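What follows is a set of notes on a single structure, which appears directly below.
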Amino acid sequence: MLPGVLGDSPPHLAYELTDPSSAKKPDHGACETYRRPEVQHCLRELLAVDAVPVERWLSVLEQVGSISDVWELLAKLACNVTLNYSSETAGSPVDELCPALKYSERKEEDCWSWIKVLRLRVLLATTKWEKLSQRSENEQRDILNKVRNAYFAGVLSNVNWKDNDLVQTYAERWSLLFTCWEALQRGSRLAVMKRLLSDSDLKSLRKWSARIIAGKTNVDGVVVERALAFYLKYLINDIDTTRTVEDLIDWKVLIYLQQKGVHLDAVELQLSVDKVVELLLCAEEVELTAETFAVVEKLLSSRLKDRGSEIVGG
Numbered sequence: 001m002l003p004g005v006l007g008d009s010p011p012h013l014a015y016e017l018t019d020p021s022s023a024k025k026p027d028h029g030a031c032e033t034y035r036r037p038e039v040q041h042c043l044r045e046l047l048a049v050d051a052v053p054v055e056r057w058l059s060v061l062e063q064v065g066s067i068s069d070v071w072e073l074l075a076k077l078a079c080n081v082t083l084n085y086s087s088e089t090a091g092s093p094v095d096e097l098c099p100a101l102k103y104s105e106r107k108e109e110d111c112w113s114w115i116k117v118l119r120l121r122v123l124l125a126t127t128k129w130e131k132l133s134q135r136s137e138n139e140q141r142d143i144l145n146k147v148r149n150a151y152f153a154g155v156l157s158n159v160n161w162k163d164n165d166l167v168q169t170y171a172e173r174w175s176l177l178f179t180c181w182e183a184l185q186r187g188s189r190l191a192v193m194k195r196l197l198s199d200s201d202l203k204s205l206r207k208w209s210a211r212i213i214a215g216k217t218n219v220d221g222v223v224v225e226r227a228l229a230f231y232l233k234y235l236i237n238d239i240d241t242t243r244t245v246e247d248l249i250d251w252k253v254l255i256y257l258q259q260k261g262v263h264l265d266a267v268e269l270q271l272s273v274d275k276v277v278e279l280l281l282c283a284e285e286v287e288l289t290a291e292t293f294a295v296v297e298k299l300l301s302s303r304l305k306d307r308g309s310e311i312v313g314g
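Set out below in structure tokens:
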């Protein structure tokens with residue numbers, strides 16, 4: 001098991017994933033949902049390992065409250081199986097260092113299917129990145145090129161981000177590109193990201209994340225939160241240092257984020273005091289709603305109060 005690698009599951013499930021017999025009695029209302037053929041098919045297709053007791057795992061999956069959580073558990077299970085079986089099948093540097101790459105050899109009609117999304121998550125979580133970085137440049141390039149060609153090449157650059165129907169259909173899957181890097185060790189995330197994503201891919205991610213944060217694309221709040229976290233954590237700090245969060249944030253954006261249920265703490269911390277003061281001075285021009293008052297309360301942080309005391313005292 002990889003604790004915390006792909007999002008935390010409920011505590012009781014951590015043990016159940018290694019010992020399915022310990023699963024609690026399932027809610028019969030959910031049984032039919034999680035015994036659906038597509039879920040069973042996904043398990044078999046994702047893992048491509050005959051030794052996996054698929055039926056035994058269904059009792060664990062039935063404990064989950066929503067189908068999106070099923071995808072999370074499938075990814076964790078696949079990581080477990082990949083690590084357990086990789087030592088038995090390793091024969092080449094690729095098998096040893098990137099055991100999940102063999103899953104990508106299966107072709108799907110949909111270049112961004114849920115199964116492919118899960119395989120990418122498993123690959124990033126189970127690849128031995130530190131050992132890979134110690135290999136020759138040729139070996140590194142060979143493996144990274146295979147990963148890039150299997151999962152990234154041409155996918156982002158060919159997307160029409162202004163096609164709202166298309167984006168809404170795929171948004172949750174594509175948002176994996178905002179979060180999947182958390183599966184890597186902190187010190188290697190940026191280096192791996194820059195080797196797997198081309199400049200064009202990074203540009204596409206920057207544009208798309210900015211569109212999501214600004215409310216130009218109607219997607220679920222969880223996707224908005226992922227886009228914002230990616231923008232704050234990677235884009236403005238490491239990838240495109242010419243931009244700041246202040247280039248993107250105004251009252252319209254803040255209220256939109258509040259309506260979507262996105263936590264504004266990280267945004268507020270990256271805004272300068274001058275920007276916060278500017279926003280507060282413009283507050284009277286904004287329609288007074290519950291969201292407006294919530295944003296004002298957030299902007300009136302202790303940091304701003306301390307600065308105000310300094311100004312008054314000075």
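Quick note, the sequence shown lines up with residues 1 to 314 if you use UniProt numbering.
A virtual CB, placed ideally from N, CA and C, is assigned to each residue, including glycine.
All of these numbers come straight from a predicted model, not from anything done at the bench.
The beta carbons of A191 and A125 sit no closer together than 8 Å. Here R135 carries a coil assignment [DSSP, helix/strand/coil]. It is roughly 39 Å from the alpha-carbon of T292 to the alpha-carbon of G187. In the three-state reduction of the DSSP assignment, R186 falls in the helix class, which pools H, G and I. Secondary structure at D201: helix, using DSSP grouped into helix, strand and coil. Between I236 and V245 the beta-carbon gap is near 6 Å, inside 8 Å, which marks them as a contact. Here the C-alpha atom of R243 lies approximately 35 Å from the C-alpha atom of S136. Linking S209 to D247 through their CA atoms gives a straight-line distance of about 13 Å.
In this structure, V222 lies away from I212, with their beta-carbon atoms at least 8 Å apart. Per DSSP, reduced to three states, the secondary structure at N145 is helical. Distance from the CA atom of S175 to the CA atom of K116, rounded to whole angstroms, is 13 Å. In this structure N160 is in contact with L166, their Cβ atoms being roughly 6 Å apart against a cut-off of 8 Å.
Closest option to S198, judged by alpha-carbon separation, among K233, N149 and E172: N149.
Scanning V276, D265 and K194 for the CA closest to the CA of L144 turns up K194. Secondary structure note for A266: its alpha helix (DSSP H) is the uninterrupted segment D265 to Q270. Around the beta carbon of T169, fewer than 16 other beta carbons sit within 10 angstroms, so the residue counts as exposed. The criterion of a C-beta distance shorter than 8 Å is not satisfied by N164 and T127.
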